[in-house]
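Asker: Starting off with a structure, shown below.
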Amino acid sequence: MRELSLHILDIAENGIRAGADHLLIHVEESSADDRLTLAVEDNGRGMPEEKIRRIDDPFVTTRQTRRVGLGLSLLASAARRCQGDISVEARHEKGTRVTATFRRSHIDRAPLGDMAATMEVLIMGNPHIDFRYTHRVDGKEFVLDTRDLKTELGDLSLSDPAVVRYVSDVMRRALEDLAAGSNLTPPMEDADV
Amino acid sequence: MSKLTFEDLERIKQKTASAMALRLGKPRATITVHVGTCGIAAGAREVMQALLSELSASNRSDIRVLAAGCLGNCASEPNVTVAVEGSEPVVYQKMDPEKVQRVFQRHILDGEVLREFTLSP
């Protein structure tokens with residue numbers, strides 16, 4: 104995947120296919136540790152122990168539409184290529200938490216990319232799912248919680264195109280401000296992953 | 068930092084209030100974008116964003132755009148399924164923002180299936 108935000112979309116959709124109705128998505132960037140951490144946690148049906156042990160194997164999947172599973176193994180190899188790692192904690196019937204870490208300045212690290220587009224697509228495409236997105240850069244934080252937004256909107260749908268666009272525009276600007284006010288070096292936008 | 072303000076949400080709420088009544092009914096058309104790993108790698112996110120723009124511009128409140136998993140035809144991603152009330156669903160293959168815009172205009176709005184883009188013509 105050419106952006107880490109596409110991996111996040113993919114792992115989040117996995118959670119939704121696993122029956123989740125609430126997802127927590129967290130991105131953390133730290134210049135002091137030179138780390139970038141992504142976490143996606145869902146309350147879906149979890150994964151059997153045996154599948155978790157074999158997440159690097161693209162021929163392991165819980166799906167039935169095709170016989171290969173690609174998402175987790177792609178994220179695992181992207182993280183490990185950048186002196187990072189992946190961990191999958193799943194409890195049967197209780198949900199899954201996928202955490203991937205990267206050395207932020209690693210030359211092979213794909214840019215985070217358009218996280219606002221990922222959230223836009225998740226919110227519009229899954230009107231019955233709640234999302235909480237947190238993004239922390241050197242201790243400063245941006246939070247987007249669809250439960251709060253839905254309360255505020257009353258009977259107007261959060262998947263209304265005008266509302267989704269407004270939310271993603273605000274999010275895009277907020278994340279730019281977060282990066283601009285930090286000590287982070289700009290990402291390598293031309294990294295070829 | 069930019070903030071989500073509830074005043075702005077209130078403004079949008081009033082602007083779209085007229086469309087509300089229609090939206091409560093059953094959708095006339097549902098567009099499903101298949102966002103499995105294969106679809107995402109092939110550009111499904113951009114396809115879905117193009118649909119959001121089209122939907123927004125059309126001002127139609129009886130059309131739904133939803134996300135779903137992989138169909139199993141990974142070589143032809145991004146796949147998009149169009150289901151218009153009263154007709155069999157049609158699966159489009161190898162979509163991109165420009166093609167899906169044509170599908171929206173011609174199939175969803177004008178009712179004409181674009182055979183050159185369908186999975187099994």
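Chains as they are written, first to last, in this note's numbering: chain A, 104 to 296; chain B, 68 to 188. Note that beta-carbon positions come from the ideal geometry of N, C-alpha and C, so glycine has one too.
Using a Cβ-Cβ distance cut-off of 8 Å, determine whether residue 143/A contacts chain B.
Answerer: Residue numbering aside, residue 143/A sits at position 40 when the first sequence is read from its first letter. No, residue 143/A lies away from the interface with chain B (no Cβ there is under 8 Å from its Cβ).
Asker: For residue 197/A, which of helix, strand or coil comes out of DSSP?
Answerer: For this step, residue 197/A is matched to residue 94 along the first sequence. Residue state, collapsed to three classes: coil.
Asker: Determine the closest residue to residue 110/A out of 157/A, 125/A, 189/A and 282/A, with distance taken between C-alpha atoms.
Answerer: Looking up residue 110/A in the first sequence gives position 7. Residue 110/A has its Cα closest to that of 189/A, out of 157/A, 125/A, 189/A and 282/A.
Asker: Taking the straight line between their C-alpha atoms, what separation do you get for residue 106/B and residue 138/B?
Answerer: The residue given as residue 106/B occupies position 39 in the second sequence. The residue given as residue 138/B occupies position 71 in the second sequence. Each residue's Cα considered, the two are about 9 Å apart.
Asker: Taking a Cβ distance cut-off of 8 Å, strictly less, list which residues of the region 91-108 of chain B are near chain A, in chain order.
Answerer: Against chain A - using a Cβ distance shorter than 8 Å - the residues of the region 91-108 of chain B are 100, 102, 103, 104, 105, 107 and 108.
Asker: With C-beta atoms as the reference, is residue 142/A less than 8 Å away from residue 125/A?
Answerer: One-based indexing of the first sequence puts residue 142/A at position 39. One-based indexing of the first sequence puts residue 125/A at position 22. No, the pair does not count as a contact, with Cβ atoms beyond the cut-off.
Asker: Residues of chain A with CB under 9 Å from residue 186/B, in chain order?
Answerer: Taking the first residue of the second sequence as position 1, residue 186/B is located at position 119. Within chain A, no residue comes near residue 186/B; the closest Cβ sits about 14 Å away, beyond 9 Å.
Asker: Please list, in chain order, the chain A residues whose beta carbon lies closer than 8 Å to that of residue 116/B.
Answerer: Counting from 1 along the second sequence, the entry for residue 116/B is found at position 49. Ordered by position in chain A, the residues that pass the 8 Å Cβ test against residue 116/B are 220, 223 and 224.
Asker: Reducing DSSP to helix, strand and coil, say where residue 215/A ends up.
Answerer: Residue numbering aside, residue 215/A sits at position 112 when the first sequence is read from its first letter. DSSP places residue 215/A in coil when its eight states are reduced to three.
Asker: Note down, in chain order, every chain B residue with its Cβ under 8 Å from the Cβ of residue 268/A.
Answerer: Mapped onto the first sequence, residue 268/A falls at position 165. 119 and 123, listed in chain order.
Asker: Which residues does DSSP pair with residue 142/A in a beta bridge?
Answerer: In the first sequence, residue 142/A corresponds to position 39, counting from 1. Bridge partners of residue 142/A: 129/A and 202/A.
Asker: For residue 121/B, tell me which candidate among 150/B, 102/B, 100/B and 164/B has the shortest Cα-Cα distance.
Answerer: Here residue 121/B corresponds to residue number 54 of the second sequence, with the count starting at 1. The option with the nearest alpha carbon to residue 121/B is 164/B.
Asker: When DSSP labels each residue in this structure, what does residue 168/A get in the three-state scheme?
Answerer: Here residue 168/A corresponds to residue number 65 of the first sequence, with the count starting at 1. Residue placement at residue 168/A is flagged as unreliable, the pLDDT there being 49, under the threshold of 50; a coordinate-derived value is accordingly withheld.
Asker: What residues from chain B crowd round residue 192/A, counting only those whose CB sits closer than 9 Å?
Answerer: Here residue 192/A refers to the residue found at position 89 of the first sequence. Within chain B, no residue comes near residue 192/A; the closest Cβ sits about 21 Å away, beyond 9 Å.
Asker: Taking 8 Å as the CB-CB limit, is residue 189/B close to chain A?
Answerer: Outside the shown range of chain B (68 to 188) lies residue 189/B, about which nothing can therefore be said.
Asker: DSSP has residue 190/A in a bridge; who is on the other side?
Answerer: Stepping through the first sequence from its first residue, residue 190/A is reached at position 87. In DSSP, residue 190/A forms a bridge with 202/A.
Asker: Alpha carbon to alpha carbon, how far is residue 135/B from residue 160/B?
Answerer: Here residue 135/B corresponds to residue number 68 of the second sequence, with the count starting at 1. Here residue 160/B corresponds to residue number 93 of the second sequence, with the count starting at 1. Going from the Cα of residue 135/B to the Cα of residue 160/B covers about 15 Å.
Asker: Determine the chain A residues that contact residue 76/B at a beta-carbon separation under 8 Å, and present them in chain order.
Answerer: Here residue 76/B corresponds to residue number 9 of the second sequence, with the count starting at 1. Within chain A, the residues near residue 76/B are 252, 255, 256, 266 and 269.
Asker: Distance check for residue 115/A and residue 232/A, CA to CA, integer angstroms please.
Answerer: The count along the first sequence starts at 1 and reaches residue 232/A at position 129. The count along the first sequence starts at 1 and reaches residue 115/A at position 12. Roughly 11 Å separates the two Cα atoms.
Asker: Taking C-beta pairs closer than 8 Å, name the residues in chain B that residue 104/A reaches, listed in chain order.
Answerer: Here residue 104/A is taken as the residue at index 1 of the first sequence, counted from 1. Near residue 104/A (Cβ distances below 8 Å), the residues of chain B are 107 and 108.
Asker: Quick check on residue 231/A: does DSSP put it in helix, strand or coil?
Answerer: Taking the first sequence and counting its residues from 1, the one referred to as residue 231/A is at position 128. The answer is coil: DSSP assigns residue 231/A none of H, G, I, E or B.
Asker: Any contact between the region 206-222 of chain A and the region 179-193 of chain A? By contact I mean 3 or more CB pairs, one from each, below 8 Å.
Answerer: As far as the Cβ criterion goes, the region 206-222 of chain A touches the region 179-193 of chain A, which means the pair count is three or higher.
Asker: Need the endpoints of the beta strand (DSSP E) that residue 111/B sits in, please.
Answerer: Indexing the second sequence from 1 puts residue 111/B at position 44. No beta strand (DSSP E) contains residue 111/B, which is instead part of the alpha helix (DSSP H) from 111-125.
Asker: Using DSSP with H/G/I as helix, E/B as strand and the rest coil, what is residue 247/A?
Answerer: Indexing the first sequence from 1 puts residue 247/A at position 144. Strand at residue 247/A.
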